[in-house]
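Numbering of the sequence shown is given in numbering that gives the first Met the number 0, commencing with residue 0 and proceeding in unit increments.
Cβ coordinates follow ideal geometry from the N, Cα and C atoms, glycine included.
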Amino acid sequence: MSDCVFCKIIQGEIPTNKVYEDDELLAFHDMNPQAPLHVLVIPKKHISNIMEAEASDAGLLGRLLFKAQEIAKAQGCEEKGARFIINCKSDGGQTVYHLHCHILGGRFMTWPPG
Ligand code: 5GP
Ligand code: ZN
0 MSDCVFCKII QGEIPTNKVY EDDELLAFHD MNPQAPLHVL VIPKKHISNI
50 MEAEASDAGL LGRLLFKAQE IAKAQGCEEK GARFIINCKS DGGQTVYHLH
100 CHILGGRFMT WPPG
């Protein structure tokens, strides 16, 4: 999508600090980190949010989540854990309408979210 900031990152039009990339996934550091580790994992396919995903996207979603796990481990979060977050639409606090999973790690996080 031409007006989507994450599609622009995928296209290389906006620079980012990349953590991982393959044919269908991209991971990069959040520009406004909320924890010592704050990485976003996104599909290269533009899916606006988890509500818009289709049954045919199920495999992609599974691989995205497993990649988030691998990144969290590689970034030193295996022992203490991390938080994996997918915000969705207005009530979920989504601001960028291209599906993404946040990985937040390196500090203790409270529950419930505000
Ligand atoms: P959301 O609130 O939609 O779940 O999260 C969107 C996230 O994308 C925010 O944490 C925000 O800091 C991050 N973000 C927005 N624009 C950019 C950008 O251009 N580059 C990077 N690296 N992160 C971005
Ligand atoms: Zn997009």
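Under the rule that 16 or more other beta-carbon atoms within 10 Å means buried, what is P112, buried or exposed?
Residue environment analysis places P112 among the exposed positions, since fewer than 16 neighbouring C-beta atoms fall within 10 angstroms of its C-beta.
So, are the CB atoms of L24 and P35 less than 9 Å apart?
9 Å or more divides the Cβ of L24 from the Cβ of P35.
C-alpha gap between I84 and V18, whole angstroms:
In a straight line, the C-alpha of I84 is about 17 Å away from that of V18.
Between G91 and chain B, is any beta-carbon pair separated by less than 9 Å?
The structure shown contains no chain B; it is built from a single protein chain.
L39: buried (16+ other C-beta within 10 angstroms of its C-beta) or exposed?
So L39 ends up on the buried side.
Once DSSP output is grouped into helix, strand and coil, what is the label at G80?
In this structure, G80 counts as coil in the three-state DSSP scheme.
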